[in-house]
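For the protein sequence lines, the chains are A and B, in the order given. For what it's worth, UniProt numbering labels the leading residue of the first sequence as 1, then goes sequentially. For what it's worth, UniProt numbering labels the leading residue of the second sequence as 1, then goes sequentially. In this text, a Cβ means the ideal position worked out from N, Cα and C, and glycines have one as well. Fair warning: this is a prediction, and the values are worked out from it, not measured in the lab. Accompanying notes for the structure given below.
Protein chains: 2
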Amino acid sequence: MKMLEDRIRKDGIVREGNVLKVDSFINHQMDIPLFREMAKEWKRLFDGKPINKVLTIEASGIGIAAVVASEFNVPVVFAKKSMSINLDYDNYETKIQSFTHKKIYNVIVSKKFLAPEDHVLIIDDFLANGCALLGLLELTEKAGATVEGIGIAVEKGFQQGGDLIRSKGIQLESLAIVESMDSATGEIVFRDQPQQS
Amino acid sequence: MKMLEDRIRKDGIVREGNVLKVDSFINHQMDIPLFREMAKEWKRLFDGKPINKVLTIEASGIGIAAVVASEFNVPVVFAKKSMSINLDYDNYETKIQSFTHKKIYNVIVSKKFLAPEDHVLIIDDFLANGCALLGLLELTEKAGATVEGIGIAVEKGFQQGGDLIRSKGIQLESLAIVESMDSATGEIVFRDQPQQS
């Protein structure tokens, strides 16, 4: 999506170690009018799919998911991270490793809010190694729900997550795929995606 | 707001110890079309105020804040919870005690995203003892930003937070104020708010 790529070039900050900071418009301050344009693009890309629910994971996925769900006119369910195992509740549960925070989280979704009749669009801000997405896919599988597709704002195309998800035959639409970036010059190269606006 | 009160009566669950669960439509599964109606109500209640930013705190405030910000056509900034002190970053920082999770969090907002020229609407899902809101107010004060008002989905009117905030002269608009609830019968009594729809 050209609008998002332009914004990443303008306001994204490339740091050493392949770190891309987009906290001024995606995951600390959130540019909601931009999110609305992203939501419209996903609506176009997933047109005709019987999506009745958006699934995401706290915290930085929730804002994008809420705006996307408003465009699709469906509810959001967000998976919750917990450092402790939650025994007093009827949840689907999995573990997700966070490389950013060097932790393993228990991630839960209540069995009340994910069911075999659900057709889910998964939304998240970032895709790198794919750990968070694989966790969300495991939760939907445990629930017997159908994943209609995955929408990602920024994919790091040089990490394994995207290939891993696409090899499962799931429609994955990343609105910007970074092929390479250079912390010395700040240059960012995006993958060409002809089907996108 | 009658629509929200009706929904709480229908789908809220009253538990012993004055616990009100609204996780089927507010803070685990999020009813985005309902959030849009709540956003319109806050737009009406804060009409004429020069709001240029919505401020909230992760995680369950983010979804409501995103939909509200879409109605006001402004960005959201969400304060981040951290168990560790974050020294590598230029942040405003405070501590917030969570009674639900029995923890004290460091809560941070980047100095880049909260500034003296900001006129902030604070949004959160719940108000009980007021600890989270007092923390957000402290962050805006450190930044020199102006708080134009606070919008809360559900206030527990029998706890101290609401009185505490109102005594500071801040316009606080809670769309449903629970005066009392009974876990044996499930009955919930709301405070009458004539200015609301």
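For residue i, collect the residues of the same chain with a Cβ closer than 7 Å to its Cβ; drop the 5 residues on either side in sequence, then sort them by chain order.
| i | result |
| --- | --- |
| residue 198 of chain B | In the structure displayed, chain B extends from 1 to 197; residue 198 of chain B sits before or after that span and is not available. |
| A/Lys-142 | Tyr-92 |
| A/Gly-12 | Leu-20, Lys-21, Val-22 and Ile-188 |
| A/Val-77 | Lys-53, Leu-55, Val-109, Phe-113 and Leu-114 |
For residue i, which residues in the same chain have their Cβ closer than 8 Å to its Cβ, ignoring the five residues on either side in sequence?
| i | result |
| --- | --- |
| B/Ala-79 | Leu-55, Thr-56, Ile-57, Glu-58, Val-107, Ile-108, Val-109, Gly-135, Leu-136 and Leu-139 |
| A/Asp-90 | Ser-110, Lys-111 and Lys-112 |
From the DSSP output, which residues share a beta bridge with residue i?
| i | result |
| --- | --- |
| B/Gly-149 | B/Leu-121 |
| A/Thr-185 | Partner(s): none; A/Thr-185 has no beta bridge. |
| A/Lys-40 | Answer by DSSP bridge pairing: none, since A/Lys-40 is not bridged. |
| B/Ser-70 | Note: B/Ser-70 sits in no beta bridge, so no partner. |
| A/Leu-127 | A/Glu-155 |
| A/Leu-30 | Reading off the sequence shown, one finds Met at residue 30 of chain A, where the question assumed Leu. B/Val-76, per the DSSP bridge assignment. |
| B/Asn-91 | B/Ser-110 |
Does residue i have its Cβ less than 8 Å from a Cβ in chain A?
| i | result |
| --- | --- |
| B/Met-30 | yes |
| B/Gly-63 | yes |
| B/Asn-129 | no |
| B/Asn-73 | yes |
| B/Lys-111 | no |
| B/Ser-197 | no |
Under 8 Å between C-beta atoms, does residue i make it to chain B?
| i | result |
| --- | --- |
| A/Arg-36 | yes |
| A/Gly-12 | no |
| A/Gly-144 | no |
| A/Glu-179 | no |
| A/Ala-59 | yes |
| A/Lys-168 | no |
| A/Phe-78 | yes |
Hey, residue i and residue j: beta-carbon distance below 8 Å or not?
| i | j | result |
| --- | --- | --- |
| A/Gly-130 | A/Gln-160 | yes |
| A/Phe-25 | A/Val-67 | no |
| B/His-28 | A/Phe-126 | no |
| B/Ala-145 | B/Pro-116 | yes |
| B/Ser-183 | B/Arg-15 | yes |
| B/Gly-157 | A/Ile-62 | no |
| A/Leu-4 | A/Met-38 | yes |
| A/Lys-102 | A/Glu-71 | no |
| A/Gly-169 | A/Ile-123 | no |
| A/Ile-8 | A/Ala-128 | no |
| A/Ile-165 | A/His-119 | no |
| A/Ser-197 | A/Lys-2 | yes |
| A/Pro-194 | B/Asn-73 | no |
| B/Ile-104 | B/Lys-111 | no |
Kindly list the residues whose CB is nearer than 6 Å to the CB of residue i, restricted to its own chain and excluding five residues on each side of it in sequence; keep chain order.
| i | result |
| --- | --- |
| B/Lys-49 | Glu-148 |
| residue 248 of chain A | Missing from the structure shown is residue 248 of chain A; chain A here goes from 1 to 197 and no further. |
| A/Leu-45 | Glu-173 |
| B/Lys-43 | Glu-71 |
| A/Ser-60 | Asn-27 and Asp-125 |
| A/Glu-155 | Leu-127, Gly-162, Ser-174 and Ile-177 |
| B/Gly-186 | Val-14 |
Shorter than 7 Å, the distance from the beta carbon of residue i to the closest heavy atom of the ligand PLP, or not?
| i | result |
| --- | --- |
| B/Leu-137 | The ligand PLP is not part of the structure shown, which contains no ligands of any sort. |
(request) Write down every uninterrupted run of the alpha helix (DSSP H) in the segment 158-182 of chain B whose length is 4 residues or greater and which is fully enclosed by it, in chain order. (result) Runs found: 161-166.
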